[in-house]
Amino acid sequence: MFTMVQKDCNTVATPNVLGIYLLAQQMERWNAQCTMESRERETREKAELLGRAIEK
1102 MFTMVQKDCN
1112 TVATPNVLGI
1122 YLLAQQMERW
1132 NAQCTMESRE
1142 RETREKAELL
1152 GRAIEK
């Protein structure tokens, strides 16, 4: 019976609060660790590496 009541009370669009919180914490660590320019440079380097791997 408890599962029936619990099932009826949940909404379909319940946000993943823990996931959002953990993502926010990780973003704060990244922002404290490096600048946006260095993050963009690293992302471009990784994209080039991935592109070369796909071409082979």
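Each residue of the sequence shown is one higher than the one before, starting from 1102 at the first, in the working numbering.
Idealized CB from N, CA, C, for every residue including glycine.
Non-local beta-carbon contacts of Arg1153 in its own chain, meaning distances under 6 Å to residues more than five positions away in sequence, are absent.
In the structure shown, Lys1157 adopts coil according to DSSP, grouped into three states. Between Trp1131 and Arg1140, the CB-CB gap stays under 8 Å. DSSP places Asn1132 in the uninterrupted alpha helix (DSSP H) bounded by 1118-1134.
In the three-state DSSP reduction, Thr1144 falls in the helix class (H, G or I).
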